[in-house]
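Enquirer: This note's numbering numbers the first residue of the sequence shown as 122 and each following residue consecutively.
A virtual CB, placed ideally from N, CA and C, is assigned to each residue, including glycine.
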Amino acid sequence: MLLGVLGLGVFLAGLELMVTAVALPSIVVDLASWTQLRLASWIINGYLLAYVVAMPLAGRLADHWGARRLFLGGLVVFVVGSVLAGRAQSLEELIAGRIVQAVGGGTLVPVGTAAASHLFDDHDRPRALGVIGALTFLGMAAGPFVGAWIIGGFHPATALEGAGIAAGPLHDALAAPWRYVFYVNVPIGIAALAVAWAASDRWETERQPGSIDAAGAIAFSTGMGLILLATTLAGSARVAGTSNPTPILAIAMVLGAGGIAAAAWLGDRHPRAFLDTRLFRHPAFSSAALISLLTGYGFATAIVGGAVFVDRVLYGGPDVQRVALGGLAAATALGALGSGLLLRRLGPRSVTIAGLGLSIVALVRMAAWAPTTGIGEVALLMGLFGLGFGMTVTPRSAAAIDAVGHAAYGVASATVTVARMLGMAIGLAALTAFGSTTIDRLSREVYATPEAYRQFIPAALRDRPLKDGLVVQALEQWASSEAARILVGIFLVAAAVTTVAIVPAIVLGRRRMLEP
Numbered sequence: 122m123l124l125g126v127l128g129l130g131v132f133l134a135g136l137e138l139m140v141t142a143v144a145l146p147s148i149v150v151d152l153a154s155w156t157q158l159r160l161a162s163w164i165i166n167g168y169l170l171a172y173v174v175a176m177p178l179a180g181r182l183a184d185h186w187g188a189r190r191l192f193l194g195g196l197v198v199f200v201v202g203s204v205l206a207g208r209a210q211s212l213e214e215l216i217a218g219r220i221v222q223a224v225g226g227g228t229l230v231p232v233g234t235a236a237a238s239h240l241f242d243d244h245d246r247p248r249a250l251g252v253i254g255a256l257t258f259l260g261m262a263a264g265p266f267v268g269a270w271i272i273g274g275f276h277p278a279t280a281l282e283g284a285g286i287a288a289g290p291l292h293d294a295l296a297a298p299w300r301y302v303f304y305v306n307v308p309i310g311i312a313a314l315a316v317a318w319a320a321s322d323r324w325e326t327e328r329q330p331g332s333i334d335a336a337g338a339i340a341f342s343t344g345m346g347l348i349l350l351a352t353t354l355a356g357s358a359r360v361a362g363t364s365n366p367t368p369i370l371a372i373a374m375v376l377g378a379g380g381i382a383a384a385a386w387l388g389d390r391h392p393r394a395f396l397d398t399r400l401f402r403h404p405a406f407s408s409a410a411l412i413s414l415l416t417g418y419g420f421a422t423a424i425v426g427g428a429v430f431v432d433r434v435l436y437g438g439p440d441v442q443r444v445a446l447g448g449l450a451a452a453t454a455l456g457a458l459g460s461g462l463l464l465r466r467l468g469p470r471s472v473t474i475a476g477l478g479l480s481i482v483a484l485v486r487m488a489a490w491a492p493t494t495g496i497g498e499v500a501l502l503m504g505l506f507g508l509g510f511g512m513t514v515t516p517r518s519a520a521a522i523d524a525v526g527h528a529a530y531g532v533a534s535a536t537v538t539v540a541r542m543l544g545m546a547i548g549l550a551a552l553t554a555f556g557s558t559t560i561d562r563l564s565r566e567v568y569a570t571p572e573a574y575r576q577f578i579p580a581a582l583r584d585r586p587l588k589d590g591l592v593v594q595a596l597e598q599w600a601s602s603e604a605a606r607i608l609v610g611i612f613l614v615a616a617a618v619t620t621v622a623i624v625p626a627i628v629l630g631r632r633r634m635l636e637p
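1. Using the C-alpha atoms, what's the distance from arginine 189 back to tryptophan 318?
2. In chain order, what residues of the same chain have a beta carbon less than 6 Å from the beta carbon of leucine 635, not counting five sequence neighbours either side?
3. Would you tell me roughly how many angstroms separate the C-alpha atoms of serine 203 and proline 277, rounded to the nearest one?
4. Compute the Euclidean distance between the alpha carbons of proline 637 and leucine 629, then round it to the nearest angstrom.
5. If you reduce the DSSP assignment to three classes, tell me which class threonine 494 lands in.
6. Looking only at its own chain, which residues have a Cβ that is under 8 Å from the Cβ of arginine 633, when we skip the five neighbours before and after it?
7. Using a Cβ-Cβ cut-off of 7 Å (strictly less than) and excluding sequence neighbours within five positions of valine 200, which residues of its own chain qualify?
8. Here's the rule: buried if 16 or more other CB atoms are within 10 angstroms of the residue's CB, otherwise exposed. What is glutamine 222?
9. CA-CA distance, glutamine 573 and glutamate 566?
10. Measuring straight from C-alpha to C-alpha, what distance separates threonine 493 and serine 154?
11. Nearest by alpha-carbon distance to alanine 297: which of Gly283, Thr279, Leu129, Ala284 is it?
12. Just to confirm my understanding: we take aspartate 293, look at its own chain, exclude 5 residues before and 5 after, and list those with CB closer than 7 Å. What are they?
13. Throw me the rounded Cβ distance for the glycine 447 and alanine 255 pair, which I believe falls under 8 Å.
14. Could you check what DSSP says for threonine 141 in three-state terms: helix, strand or coil?
15. Buried or exposed: which applies to serine 564, given that a residue is buried once 16 or more other Cβ atoms fall within 10 Å of its Cβ?
16. Would you mind stating whether threonine 515 and glycine 461 have Cβ atoms separated by less than 7 Å?
17. Give the secondary structure of threonine 363 by DSSP, where H, G and I count as helix, E and B as strand, and everything else as coil.
18. In the DSSP assignment, find the alpha helix (DSSP H) that holds tyrosine 354 and state where it starts and stops.
19. Identify which residue in Leu501, Thr343, Phe395 has its Cα closest to the Cα of serine 332.
20. Quick one: measure Cβ to Cβ for leucine 613 and alanine 457, integer angstroms, because I've assumed they're closer than 8 Å.
21. Tell me where the alpha helix (DSSP H) around glycine 459 begins and ends.
22. Does the beta-carbon distance from leucine 477 to leucine 505 come in below 7 Å?
23. At the level of alpha carbons, what is the spacing between isoleucine 381 and isoleucine 339?
24. Note down the Cα distance separating tryptophan 386 from tryptophan 324, rounded to an integer number of angstroms.
25. For threonine 553, which residues in the same chain have their Cβ closer than 7 Å to its Cβ, ignoring the five residues on either side in sequence?
26. Indicate the three-state DSSP secondary structure (helix, strand or coil) for phenylalanine 132 in the structure shown.
27. Within its chain, find whatever has a CB closer than 6 Å to the CB of isoleucine 286; leave out the 5 residues flanking it on each side and keep chain order.
28. For methionine 122, which of helix, strand or coil comes out of DSSP?
29. Please state whether DSSP places glutamine 576 in a helix, a strand or coil.
30. Would you tell me roughly how many angstroms separate the C-alpha atoms of glycine 207 and tyrosine 168, rounded to the nearest one?
31. Does the contact criterion of 3 or more C-beta pairs under 8 Å hold for the stretch 264–271 versus the stretch 213–228?
32. Tell me the DSSP secondary structure of leucine 241 in three-state form.
33. Which word fits aspartate 334, buried or exposed, when buried means at least 16 other C-beta atoms lie within 10 angstroms of its C-beta?
34. Spatial neighbours of alanine 500 within its chain, please: CB distance less than 6 Å, with the 5 preceding and 5 following residues excluded, ordered by chain position.
35. Please go through the stretch 541–622 and give each complete alpha helix (DSSP H) segment of 4 or more residues, from N-terminal end onward.
Next comes the structure, spelled out in structure tokens:
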């Protein structure tokens with residue numbers, strides 16, 4: 122029963138990541154425009170950053186306060202953040218709500234993983250961790266379907282107008298369908314809170330005395346925020362009013378690196394460090410964290426690249442997106458669950474390398490996508506990548522926890538998951554910078570002069586005006602082929618990054634997790 126309760130919490134956290142990805146185009150159109158892509162990217166990257174900061178703190182607090190009260194508190198914060206995000210009237214308000222939401226979600230995952238590690242011993246532990254990992258990704262698998270159903274089939278504005286509410290604050294907070302990708306968490310979260318409260322009565326993990334490294338957390342979050350901000354703004358024509366932003370971005374990167382170094386320095390002097398470099402003295406732990414970081418980059422590329430391909434090359438709507446993203450997330454859940462079972466017969470090295478191999482093959486094949494590619498092939502390859510990525514989830518978590526021992530389950534599970542989120546955040550920031558810069562460049566080329574668009578369309582249409590329907594269609598086809606061409610490099614870079622992960626995977630070892 123407790124494992125089911127913990128799994129419900131991580132399911133919600135996984136659901137929120139993918140359901141927002143489907144709703145993002147509607148959010149941008151309603152609250153801003155695509156010219157504000159760099160700011161809009163923080164709807165996801167702000168979530169990831171807060172997630173990254175909350176996880177190690179939650180892992181430490183789970184060891185310090187006990188998992189039960191922290192898990193219940195995380196559910197409350199997650200529900201409150203969902204309400205704030207749903208009622209947001211601007212990108213800035215939405216990003217703030219997402220940060221609150223991420224603090225709750227970032228608490229649920231490591232605390233759920235740590236609690237499962239305390240509940241089960243020996244050969245049962247890998248299977249329990251596999252269940253937690255699988256439910257995280259099952260939530261992600263449900264996200265595209267929930268998002269597509271809400272965006273495509275839910276019309277609250279009609280109901281509000283029928284009730285005589287055609288304007289005003291209530292209409293603004295309830296009319297847009299995308300708002301319900303956040304509001305849907307509220308009844309689910311309240312139900313989960315009630316079940317968790319009842320099911321965990323009289324159960325608590327052992328509490329360890331001590332304090333938390335708040336200064337290290339502040340230094341780390343500031344440093345990572347500066348690095349992600351500088352990465353997102355790379356390629357911008359203007360930053361802070363200057364037409365040469367390179368020095369400013371370079372300074373931000375240096376200060377960001379300094380913040381992370383300060384967090385490590387503070388951690389070395391704190392008994393319960395936020396960034397505990399002492400854990401990395403274990404080769405298996407270091408390898409697990411590095412694999413998480415590198416595969417997280419590939420995972421962000423697959424999600425964003427796949428969604429962009431469906432939206433901008435195949436011109437598919439939410440229903441088509443849910444097939445591709447749903448295939449990715451469902452296969453990831455299957456891989457995470459299956460790897461927990463495989464660890465009983467095979468060592469973490471073999472399972473991880475097999476998963477990396479599948480991911481690399483899928484990314485290389487995804488680089489060959491073209492405007493003529495069918496949605497079936499897209500879903501198949503994204504599913505193949507998800508299966509491979511999922512197979513790496515449980516081995517690295519189990520290896521990391523096994524390396525550091527019973528006293529640090531919370532911080533070990535949090536650190537490995539944080540590494541994956543960092544990889545995703547860095548990948549998303551890099552893709553946002555590249556995408557925004559490319560959009561700006563192509564826009565300048567097409568609209569450089571009143572006649573510039575003619576060089577991008579067939580000769581037979583060049584005597585027609587820009588707003589002619591055939592000209593618009595021709596420019597759309599050109600943009601589609603450009604998007605497909607650009608994605609080739611993005612997927613190949615992700616394949617190369619994932620290939621590097623094979624090296625630390627070798628260090629994980631071959632011991633089968635079958636011993637009683």
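Expert: Per the coordinate set shown:
1. Roughly 9 Å separates the two Cα atoms.
2. With a pLDDT of 41 at leucine 635, under the threshold of 50, the predicted position of this residue should be treated as unreliable, though the coordinate-derived value follows. Around leucine 635, the same chain offers His244, Arg465 as residues with beta carbons nearer than 6 Å, after the five sequence neighbours per side are excluded.
3. Distance between the alpha carbons of serine 203 and proline 277: 18 Å.
4. Model confidence at proline 637 stands at a pLDDT of 33, short of 50, so the residue's coordinates are unreliable; what they give is reported in the following sentence. If you take the alpha carbons of proline 637 and leucine 629, they lie about 20 Å apart.
5. Three-state result, threonine 494: coil.
6. Legend: pLDDT at arginine 633 = 49, less than 50; position of this residue unreliable, no value from coordinates given.
7. Closer than 7 Å at the Cβ level, and outside the excluded window around valine 200, lie Asn306, Val307, Gly310, Ile311.
8. Burial of glutamine 222 is indicated by the presence of at least 16 other C-beta atoms within 10 angstroms of its C-beta.
9. What sits at residue 573 in the sequence shown is alanine, not glutamine. When rounded, the distance between both Cα atoms is 7 Å.
10. Roughly 28 Å between the two C-alpha positions.
11. Of Gly283, Thr279, Leu129, Ala284, the residue nearest in Cα terms is Thr279.
12. Only Gln210 meet the Cβ criterion.
13. Their Cβ separation, rounded to whole angstroms, is 15 Å, which puts glycine 447 and alanine 255 out of contact at 8 Å.
14. In the three-state reduction of the DSSP assignment, threonine 141 falls in the helix class, which pools H, G and I.
15. Burial call: exposed.
16. Against a cut-off of 7 Å, the Cβ pair of glycine 461 and threonine 515 comes out as a contact.
17. Here threonine 363 sits in strand by DSSP.
18. It is leucine, not tyrosine, that sits at residue 354 in the sequence shown. Its alpha helix (DSSP H) spans residues 335–354.
19. In terms of CA proximity to serine 332, Phe395 leads the group Leu501, Thr343, Phe395.
20. Taking the Cβ atoms as the reference, leucine 613 lies roughly 26 Å from alanine 457, outside the contact range of under 8 Å.
21. DSSP places glycine 459 in the uninterrupted alpha helix (DSSP H) bounded by 439–463.
22. Taking C-beta atoms as the reference points, leucine 477 and leucine 505 fail to come closer than 7 Å.
23. In a straight line, the C-alpha of isoleucine 381 is about 10 Å away from that of isoleucine 339.
24. Rounded to the nearest whole angstrom, the CA to CA distance from tryptophan 386 to tryptophan 324 is 36 Å.
25. Result list for threonine 553: Leu158, Arg159, Ser162, Thr353, in chain order.
26. Phenylalanine 132 falls in the helix class under three-state DSSP.
27. These residues qualify, in order along the chain: His292.
28. In this structure, DSSP gives methionine 122 a state outside helix and strand, which the three-state scheme calls coil.
29. Correct three-state label for glutamine 576: helix.
30. In this structure, the CA atom of glycine 207 is about 14 Å from the CA atom of tyrosine 168.
31. The stretch 264–271 is not in contact with the stretch 213–228.
32. Checking the sequence shown, residue 241 turns out to be phenylalanine, not leucine. The three-state secondary structure of phenylalanine 241, taken from DSSP, is coil.
33. With 16 or more other Cβ atoms within 10 Å, it is buried.
34. Once the five neighbours on either side are set aside, the close Cβ partners of alanine 500 are Val444, Ala445, Gly448.
35. Complete alpha helix (DSSP H) runs here, min 4: 590–621.
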